[in-house]
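Trainee: Residue numbers (this note's numbering), protein chains in the order written: chain B, 24 to 587; chain C, 89 to 163.
Backbone N, C-alpha and C define an ideal beta-carbon position, used for all residues, glycine too.
It should be emphasised that the depicted structure is a prediction, and the values quoted were computed from it without experimental measurement.
#1: If the cut-off is 8 Å on Cβ atoms, which residues from the region 151–162 of chain C count as contacting chain B, listed in chain order?
#2: Under 7 Å between beta-carbons, which chain C residues line up against residue 43/B? List them in chain order, please.
#3: Thinking just about the alpha-carbon of each residue, which of 203/B, 176/B and 220/B is nearest to the one in residue 190/B?
#4: Under 9 Å between C-beta atoms, does residue 564/B make it to chain C?
#5: Can you check whether the C-beta of residue 258/B is within less than 9 Å of a C-beta belonging to chain C?
#6: If you draw a straight line from the alpha carbon of residue 571/B to that of residue 536/B, how long is it in whole angstroms?
#7: Across the region 265–284 of chain B and the region 317–324 of chain B, are there enough close Cβ pairs to call them in contact, namely three or more that are closer than 8 Å?
#8: In chain C, what lies closer than 8 Å to residue 243/B by C-beta?
#9: Write down the C-beta distance between residue 162/B and residue 140/B rounded to the nearest angstrom, noting that I regard them as a contact closer than 8 Å.
#10: Going by C-alpha to C-alpha distance, which of 503/B, 80/B, 76/B and 97/B sits closest to residue 91/B?
#11: Please classify residue 116/B as buried or exposed, where buried requires at least 16 neighbouring CB atoms within 10 angstroms.
#12: Can you give me the Cβ contacts of residue 111/C inside the same chain, cut-off strictly under 8 Å, excluding the 5 residues immediately before and after it?
#13: What residues from chain B crowd round residue 133/C, counting only those whose CB sits closer than 9 Å?
#14: Alpha carbon to alpha carbon, how far is residue 112/B from residue 51/B? Give it in angstroms, no decimals.
#15: On the DSSP letters alone, give me the boundaries of the alpha helix (DSSP H) that residue 25/B sits inside.
#16: So is residue 586/B buried or exposed if we call it buried at 16+ other beta carbons inside 10 Å?
#17: Report the three-state DSSP secondary structure of residue 258/B (helix, strand or coil).
#18: In three-state DSSP terms, what is residue 587/B?
#19: Give the straight-line distance between the Cα atoms of residue 30/B and residue 107/B, rounded to the nearest whole angstrom.
#20: Roughly how many angstroms lie between the CA atoms of residue 230/B and residue 272/B, to the nearest whole one?
#21: For residue 481/B, does the three-state DSSP call read helix, strand or coil?
#22: Can you pull the chain B residues whose beta carbon is under 9 Å from the beta carbon of residue 118/C, in chain order?
#23: Do we get a CB-CB distance below 9 Å when we pair residue 194/B with the residues of chain C?
#24: Count the CB pairs spanning the region 393–401 of chain B and the region 290–304 of chain B that are closer than 8 Å, and state whether there are at least three.
#25: Cutting at 6 Å between CB atoms, please list the residues of its own chain near residue 281/B, excluding the five before and the five after it.
#26: So which of 342/B, 165/B and 160/B has the shortest CA-CA distance to residue 16/B?
#27: For the region 365–392 of chain B, which residues have a CB atom closer than 8 Å to at least one CB atom of chain C, in sequence order?
#28: Taking contact to mean at least 3 C-beta pairs separated by less than 8 Å, is the region 429–441 of chain B in contact with the region 469–488 of chain B?
#29: Does DSSP classify residue 317/B as helix, strand or coil?
#30: Pull up the DSSP beta-bridge partners for residue 212/B, would you.
#31: For residue 360/B, does the three-state DSSP call read helix, strand or coil?
#32: Determine the burial state of residue 216/B: buried for a count of at least 16 other Cβ atoms within 10 Å of its Cβ, exposed for fewer.
#33: Any beta-carbon of chain C closer than 9 Å to the one on residue 49/B?
#34: Quick one: measure Cβ to Cβ for residue 457/B and residue 421/B, integer angstroms, because I've assumed they're closer than 8 Å.
#35: Nearest to residue 149/C by alpha carbon, out of 96/C, 140/C, 130/C and 128/C?
#36: Taking C-beta to C-beta, are residue 436/B and residue 531/B nearer than 9 Å?
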């Protein structure tokens, strides 16, 4: 077995080998941090994907990738100076050779362990935005060259070589961020060079895993639920399961793992009230059987709030919008209600055990209704719905959300005098945007915000995101870069607004929070900026995560319920 | 809701103690799976810890590594 570990230097991942039951052996060292490892067929070499120090971190922290040594002093930035590279490591000799193409970022690689390697790779732009313009390529590891197989219209992830080496599967769709992509499974034929979509009705797949040379097992979002099944290269498809649970280890990407032939299918399964555990698919009854019990102590004797999917119609075009509603268990409204806006916008709220940022489960236990809307831009409804936010971020999605608020008021769920809004990343953008659009919210908590698209474009590693979602250019004062920025409208803000930001965030840099804080302060509204040192896009130190949860609830308790 | 239904509510501390099995990989003969068990937050330092486990057949998961560091992505 091979695996990655940062046991030498925290955050600096290196490849190890180990015979199960034995001791881990460090296989080789790199200046950068390893992100994936693959075996050669003879078991004598490892293909290692390594991110240089300073690369944009692809975990949810979005901090800079660390290296073996201390951070450089001074830090010097040049375009293309930090890349994601491929190395071949000979286990017997310890020799390491760079085998990926020069001046190229390799975001993912799949290797047959011999002569065939395929990858998702980009040449420009450099840095974290390169992924948005990446292609599917075939690599020659001897000559260090790449041959482009497929130039996608949208973003791509999860490249996977068929067992016979004849096909490459890759998921394609519009995605605001790496790791959030759901879409179509495109099939690249390595024999004739064509790329097709054999399953045009499938638009919400996370990952498809090869069962054999002629079929794959897919997992997909299905509104607020998920689904999975088998599909064949001739276009046939059989959906084997769909339900109100999430399958996949990251709550952004539905995923199953299969053995040869797909007799055995595993996933990570979670749902409201059910923490994530490994589950095995029972083909006989078409259901998941939860297998592990790592989190029994967390849920033993625990009562969770009520959760259900609700639907309403858009005032723009009548489109049905859905979301998750979490309410105090067994209680009737109207409740004070918090609108929890998800990040992305290419993501959605689903059947998650513990909805995060803000933690809706805990807010509901404290007496709040939490509306978790999936407006235009969300995944799980197909390409057109996910792309519906392009050119209108803060417009149609904001109106979809506010229609959900009105629906909850009309249904007696929400108290119109006690409304709050919160979110992280794009959710933070929306929490900062809303307070410049309306005074209906009594409090707002905006985490990891985008507040000024001009400065975001010039300081964030993922500036391609704004290029994709906005109309116009960053240096055009009449473009959406200005008009759709929360700071432009913050002079109208009367809503007490708490802003929470990580000091090391390279997705939504600290300055975004500082700008919104200053703009709201100048408007005369109450505002507070909380900055967590060492943190990136999402707080990962327990003390910071706890502080964010408690501070958020305290803010709503004070302004919506008169407590504290 | 009566008191018998009430049970105890989850706390932030407990929800942050959830661990997520992830990165499942099969052995070449398909008889074993290995996976990483990720913590939700870091109790020490700024990087979330993770251990590698193995399941053989229908057996219970067996830890192959442990520690405050992050062991992940087994293949």
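Mentor: According to the structure data:
#1: For the region 151–162 of chain C, which is checked against every Cβ of chain B, the residues closer than 8 Å are 152, 153, 155, 157, 158, 159, 160, 161 and 162.
#2: 142 and 152
#3: Residue 220/B holds the alpha-carbon nearest to the alpha-carbon of residue 190/B among 203/B, 176/B and 220/B.
#4: yes
#5: Residue 258/B does not count as touching chain C.
#6: C-alpha separation (whole angstroms): 15 Å.
#7: Inter-segment contact for the region 265–284 of chain B and the region 317–324 of chain B is absent: fewer than three beta-carbon pairs are separated by less than 8 Å.
#8: Simply none; closest approach about 18 Å.
#9: 4 Å
#10: 76/B
#11: exposed
#12: Once the five neighbours on either side are set aside, the close Cβ partners of residue 111/C are 123, 124, 160, 161 and 162.
#13: 33, 34, 557 and 564
#14: So the two alpha carbons sit approximately 7 Å from each other.
#15: First-last for residue 25/B: 25–32, but that is the beta strand (DSSP E), not the alpha helix (DSSP H).
#16: When all chains shown are included, residue 586/B counts as exposed.
#17: The three-state reading of DSSP puts residue 258/B in coil, since its state is none of H, G, I, E or B.
#18: coil
#19: 21 Å
#20: For residue 230/B and residue 272/B, the distance between alpha carbons rounds to 11 Å.
#21: The DSSP-derived three-state label of residue 481/B is helix.
#22: 282, 283, 284, 286 and 287
#23: no
#24: no
#25: 232, 234, 240 and 288
#26: Summary: the structure shown does not reach residue 16/B, with chain B confined to residues 24 through 587, and so no result is reported for it.
#27: Only those residues of the region 365–392 of chain B whose C-beta falls short of 8 Å from the nearest C-beta of chain C are listed: 376, 377, 382, 384, 385 and 388.
#28: The way I'd put it, the region 429–441 of chain B doesn't touch the region 469–488 of chain B; fewer than three beta-carbon pairs between them come closer than 8 Å.
#29: coil
#30: 190/B
#31: strand
#32: exposed
#33: no
#34: By a beta-carbon distance limit of 8 Å, residue 457/B contacts residue 421/B. Their separation comes to about 7 Å.
#35: 140/C
#36: no
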